[in-house]
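This report concerns only the one structure given below.
There are 2 protein chains.
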Amino acid sequence: MIVEVAFSRLDPACRSASGRAVAVIDVIRATTTITMALHHGCAGVIPVRTLSEARAVAQRLGGGAILAGERRAGKAVGFELGNSPAEYGRERVRDKTVVLTTTNGTRAFQAAPGAQAIIACSFLNAAATARWLRGTGLDILIVCAGTHGRFCLEDAVGSGMLIDRLLCISDRALELSDAARAAHQLFATYRDDLLGMLRGCEWGRHIIHKGLGADLEICAQVDLTDIVPVMHKDRLVAEYT
Amino acid sequence: MIVEVAFSRLDPACRSASGRAVAVIDVIRATTTITMALHHGCAGVIPVRTLSEARAVAQRLGGGAILAGERRAGKAVGFELGNSPAEYGRERVRDKTVVLTTTNGTRAFQAAPGAQAIIACSFLNAAATARWLRGTGLDILIVCAGTHGRFCLEDAVGSGMLIDRLLCISDRALELSDAARAAHQLFATYRDDLLGMLRGCEWGRHIIHKGLGADLEICAQVDLTDIVPVMHKDRLVAEYT
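Those protein sequences? They're chains A and E, same order as listed. Start counting the first sequence at 1; every next residue gets the next number (the UniProt record's numbering). Start counting the second sequence at 1; every next residue gets the next number (the UniProt record's numbering).
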């Protein structure tokens, strides 16, 4: 089973998605928020690229849909929810469909054309994601959202955590690319202080500067849930492992 | 002093080159070969993108120039030298100008437009490169050649070695980007077995498969020389630190 990592949605490694299972990782905060929403009973999350696309999709869905969007770490003007996992409590999202657009994370779901399966991974569901991926028997491409197409530490560490969980449960050898080996080593470096890593990385410092530091404590929770957000047509829905 | 790392010549981080000192790293093998050539008295190395451009430049320079090129790890057809540092002995290159084209490395020198200075770095001259860079007082962008625009382990580790040397000698704080921090951690992971890392990484295994494994022992030599290849107009020439 081949495991490749793209360190951003613009990484040419994304071109190797064809026929593979793709796990999108945006630890701060899109895939953490999506995982938390589904964990709290959200019916589905539709990731879209732009604010206008989000408005159009939510309008088409009518009253049942929640319009959610983030720009520059804050809630998009006129949107009901931002990209803070703390906003996605059970009472707010249960049985609702969320239309979500973020600067980097939701765009990463369109970065890997030809994928056989697309799922969302975060620290919250790394072990569940590994079990789900092993069940497919497919080669794996992990796509880090990154920041504006650039490497970011927290998504690389998240990739490494997923690879660590895959290595723990795999009954056959994993063929790790250079990027996958590097991500696994970076997880080993930071595994004992994930919250410190989140507070010290570039985007984490920006989130703290915006007064959203409490979100990082949510993003740092490891294997909180057995839910895997799996893309069916246009939306991510909960599957259990 | 800001230190940023682009993990390949296609990394958007290359867009931050303007006004900075750019250190290009292609451990296997272009910047190792360039450093070795200048260490052995080569008058200058002109890095070019294509085989035809190399032929044209060498022809314009006349008899004094050596035509060197690599494709698929081997010597380009009809070229005098390939990209093996073992080929660049003193008797072969002393006082000669080399026109060199390689698949990834020489193209990386064009990846960072607007740079204030461009130099070549490898394990062979990491400490010398760090001294040279500190002397400029400029912010730093390290550009890994990568492999076809993708992350490769050996260039990330080489970036980390250069950052390690910079941290050892810097009299003021370095501001490391996420990618720079990751590279430094990867160097710390592999520093005690650099040759093993070179033999195990993707491109290193390819080089061994091509029967060029002995080159990796040359690439693995650390701080062999005080020479820094510095770009002046179209060519890299030796400066001493």
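For each residue, glycine too, the CB sits at the ideal point set by N, CA and C.
Mind reading off the beta-carbon distance from residue i to residue j? Whole number of angstroms is fine, and I expect it under 8 Å.
i	j	result
Ile-227 of chain A	Leu-38 of chain A	5 Å
Thr-241 of chain A	Ala-128 of chain A	5 Å
Glu-70 of chain E	Thr-102 of chain E	4 Å
Thr-136 of chain A	Glu-202 of chain A	Thr-136 of chain A to Glu-202 of chain A, Cβ: 33 Å. No contact.
Ile-28 of chain A	Ile-207 of chain A	6 Å
Arg-9 of chain A	Arg-107 of chain A	6 Å
Leu-236 of chain A	Gly-44 of chain A	6 Å
Val-99 of chain E	Ala-73 of chain E	The pair is not a contact, with the Cβ atoms about 19 Å apart (cut-off 8 Å).
Phe-224 of chain E	Leu-195 of chain E	One point to set straight first is that residue 224 of chain E is Leu, not Phe, in the sequence displayed. No, Leu-224 of chain E and Leu-195 of chain E are not in contact; Cβ-Cβ is about 14 Å, not under 8 Å.
Phe-109 of chain A	Phe-7 of chain E	About 22 Å; that fails the 8 Å criterion.
Ala-145 of chain A	Ala-156 of chain E	Ala-145 of chain A to Ala-156 of chain E, Cβ: 20 Å. No contact.
Specify, as a first and last residue, the run of the beta strand (DSSP E) that residue i falls within.
i	result
His-232 of chain E	227–232
Tyr-240 of chain A	235–240
Cys-144 of chain A	140–144
Gly-69 of chain E	65–71
Val-24 of chain A	21–25
Glu-87 of chain A	That residue, Glu-87 of chain A, is in no beta strand (DSSP E); it is neither H nor E in DSSP.
Ala-6 of chain A	2–6
Taking buried to mean at least 16 other C-beta atoms within 10 Å of its own C-beta, is residue i buried or exposed?
i	result
Glu-154 of chain E	buried
Ala-214 of chain A	exposed
Thr-50 of chain E	exposed
Ser-159 of chain A	buried
Cys-168 of chain A	exposed
residue 243 of chain A	Residue 243 of chain A lies beyond the residue range present for chain A, which begins at 1 and ends at 241; the question has no answer from this structure.
Ser-52 of chain E	exposed
Asp-26 of chain A	buried
Pro-85 of chain A	buried
Val-77 of chain A	exposed
His-184 of chain A	buried
Asp-171 of chain A	exposed
Ser-122 of chain A	buried
Arg-165 of chain A	buried
Pro-113 of chain E	exposed
Arg-134 of chain E	buried
Asp-11 of chain A	buried
Arg-204 of chain E	Reading off the sequence, residue 204 of chain E comes out as Gly, not Arg. The residue in question, Gly-204 of chain E, is buried, as its Cβ has 16 or more Cβ neighbours within 10 Å.
Ser-16 of chain A	buried
Arg-20 of chain A	buried
Val-222 of chain E	exposed
Ser-82 of chain E	In the sequence as presented, Ser is not what sits at residue 82 of chain E; that position holds Gly. Answer is buried; the Cβ neighbour count reaches 16.
Gly-211 of chain E	exposed
For the alpha helix (DSSP H) containing residue i, name the first residue and the last one.
i	result
Cys-121 of chain A	Unbroken run through Cys-121 of chain A is the beta strand (DSSP E), 117–121; no alpha helix (DSSP H).
Thr-129 of chain A	126–136
Leu-81 of chain E	Here Leu-81 of chain E belongs to no alpha helix (DSSP H), and DSSP marks it neither H nor E.
Cys-152 of chain E	It is not in any alpha helix (DSSP H) - Cys-152 of chain E carries neither H nor E in the DSSP assignment.
Leu-100 of chain E	Per DSSP, Leu-100 of chain E belongs to no alpha helix (DSSP H); it is in the beta strand (DSSP E), 97–101.
Val-93 of chain A	90–93
Glu-202 of chain E	202–209
Ala-220 of chain A	No alpha helix (DSSP H) contains Ala-220 of chain A, which DSSP labels as neither H nor E.
Arg-181 of chain E	178–190
Gly-105 of chain A	105–108
Verify the CB distance criterion: does residue i have a CB-CB separation below 7 Å to chain C?
i	result
Thr-189 of chain A	In summary, chain C is missing from the structure at hand, where the protein chains are A and E.
Ranges of the beta strand (DSSP E) found wholly within the segment 33–58 of chain A, counting only runs of at least 3
Within the segment 33–58 of chain A, the complete beta strand (DSSP E) segments of 3 residues or longer fall at 44–47, listed in chain order.
Cβ contact check for the segment 124–140 of chain A and the segment 2–12 of chain E: 3 or more pairs under 8 Å
No, because fewer than three Cβ pairs between the segment 124–140 of chain A and the segment 2–12 of chain E fall closer than 8 Å, the two stretches do not touch.
How do the segment 74–94 of chain A and the segment 184–199 of chain A stand: do at least 3 beta-carbon pairs fall below 8 Å, yes or no?
No: the two stretches stay apart, fewer than three of their Cβ pairs being nearer than 8 Å.
The segment 219–239 of chain A in contact with the segment 111–128 of chain A per 3-pair CB rule at 8 Å
Short answer: they touch.
Mind the definition here: the segment 54–69 of chain E touches the segment 175–186 of chain E only if three or more C-beta pairs lie below 8 Å; say whether that holds.
With fewer than three CB-CB distances shorter than 8 Å, the segment 54–69 of chain E does not count as touching the segment 175–186 of chain E.
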